[in-house]
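Enquirer: If you use the working numbering, the sequence shown closes out at 182, no skipped numbers anywhere. Sharing a structure below in structure tokens format, with a few things to ask.
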Amino acid sequence: RKILVLSRRPIAVIRKTNNRIIIQYVRCRPHGDETLIGIDSTMLKKYGWKFNFKNLPAAYLTGYMFGLLVKKKNLEPPVPYLGLHRVTRGNRLFAAIKGMLDAGLEMKVSPEVLPDEERIRGEHIVNYFKMLGEEAEKVFSAYVKNNVNVEDLPNEVERVKNEIYKDVMGEAK
Numbered sequence: 010r011k012i013l014v015l016s017r018r019p020i021a022v023i024r025k026t027n028n029r030i031i032i033q034y035v036r037c038r039p040h041g042d043e044t045l046i047g048i049d050s051t052m053l054k055k056y057g058w059k060f061n062f063k064n065l066p067a068a069y070l071t072g073y074m075f076g077l078l079v080k081k082k083n084l085e086p087p088v089p090y091l092g093l094h095r096v097t098r099g100n101r102l103f104a105a106i107k108g109m110l111d112a113g114l115e116m117k118v119s120p121e122v123l124p125d126e127e128r129i130r131g132e133h134i135v136n137y138f139k140m141l142g143e144e145a146e147k148v149f150s151a152y153v154k155n156n157v158n159v160e161d162l163p164n165e166v167e168r169v170k171n172e173i174y175k176d177v178m179g180e181a182k
């Protein structure tokens, strides 16, 4: 904590819960932290996201939206802060960071820890869905109930990413 306050650099606090991904732009101050931006993955509903709010593509899109907001407000690029979360190569937290990088934020992050493009697009989820065969209806019951086609996930990631850009930046990409 002391190091964060003394560094005088803003941080991107990235949290994952059982239902969503939360990202906050925080300035650490001796008298108390100041949160300038706070978003979470449920905000993806606005762009027609019908998939899970805690999966890897949702984390990426939330990070992307966060990065665009930081750029639009002309704020200093933050230092990623993962807190006590387990740091595993390619996990949802690093997907959020990848989204921030793709939005144009400059951060020092080793490329080896970031998820690859197939995972960002959710192709691993589609492959798992196909592998399950008849069991897929049970495992993906929420999608089946809501008439969501899991195989559309990679296209939806691109569509929502473009929608976020248009909404936040006010122009087509």
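Virtual Cβ for every residue (Gly too), placed ideally from N, Cα, C. Computed from a prediction, not measured in an experiment: that's the story for all the values here.
1) Do you know how far the Cα of Ala21 is from the Cα of Ile154?
2) Please report the distance separating the alpha-carbon of Met74 from that of Gly92.
3) Which whole-angstrom value is the C-beta distance of Glu165 and Phe60, which I expect to be below 8 Å?
4) What's the C-alpha gap between Cys37 and Thr44?
5) If you run the structure through DSSP and keep just helix, strand and coil, what is Val148?
6) Buried or exposed for Ser50, going by 16 or more other Cβ atoms inside 10 Å?
7) What are the boundary residues of the alpha helix (DSSP H) that includes Val135?
8) Any chance the region 103-118 sits against the region 138-155, with 3 or more Cβ pairs inside 8 Å?
9) Could you name the residues of the same chain whose beta carbon sits closer than 6 Å to that of Glu160, not counting the 5 residues immediately before and after it, in chain order?
10) Could you have a look at Leu102 and say whether DSSP puts it in helix, strand or coil?
11) Quick one, which of Pro87, Ile30, Tyr69 has its alpha-carbon nearest Asp125's?
12) Pull the bridge partners of Thr44 from the DSSP assignment, please.
13) According to DSSP, is Arg168 helix, strand or coil?
Expert: Concretely, from the data shown:
1) Here residue 154 is taken as the residue at index 145 of the sequence shown, counted from 1. Here residue 21 is taken as the residue at index 12 of the sequence shown, counted from 1. Here residue 154 turns out to be Lys, not Ile, going by the sequence shown. Taking the straight line from one Cα to the other gives about 35 Å.
2) Here residue 74 corresponds to residue number 65 of the sequence shown, with the count starting at 1. Here residue 92 corresponds to residue number 83 of the sequence shown, with the count starting at 1. Near 21 Å, if we compare the C-alpha coordinates of Gly92 and Met74.
3) On the sequence shown, position 156 is the one that residue 165 refers to. On the sequence shown, position 51 is the one that residue 60 refers to. Contact holds; Cβ gap of about 7 Å.
4) Numbered from 1 along the sequence shown, position 28 holds the residue referred to as residue 37. Numbered from 1 along the sequence shown, position 35 holds the residue referred to as residue 44. In a straight line, the C-alpha of Cys37 is about 9 Å away from that of Thr44.
5) Locating residue 148 in the sequence shown gives position 139, counting from the first residue. Three-state DSSP puts Val148 in a helix.
6) The residue you call residue 50 lines up with position 41 of the sequence shown. With 16 or more Cβ atoms within 10 Å of its Cβ, Ser50 is classed as buried.
7) The sequence position of residue 135 within the sequence shown is 126, counting from 1. Looking at the DSSP string, the run of the alpha helix (DSSP H) that includes Val135 is 132-141.
8) no
9) Locating residue 160 in the sequence shown gives position 151, counting from the first residue. Same-chain partners within the cutoff: Val135.
10) Working through the sequence shown from its first residue, we reach residue 102 at position 93. Helix, per DSSP.
11) The sequence position of residue 125 within the sequence shown is 116, counting from 1. The shortest C-alpha separation from Asp125 is found at Tyr69.
12) Stepping through the sequence shown from its first residue, residue 44 is reached at position 35. In the DSSP output, where bridge partners are listed per residue, Thr44 has Val35.
13) On the sequence shown, position 159 is the one that residue 168 refers to. Helix at Arg168.
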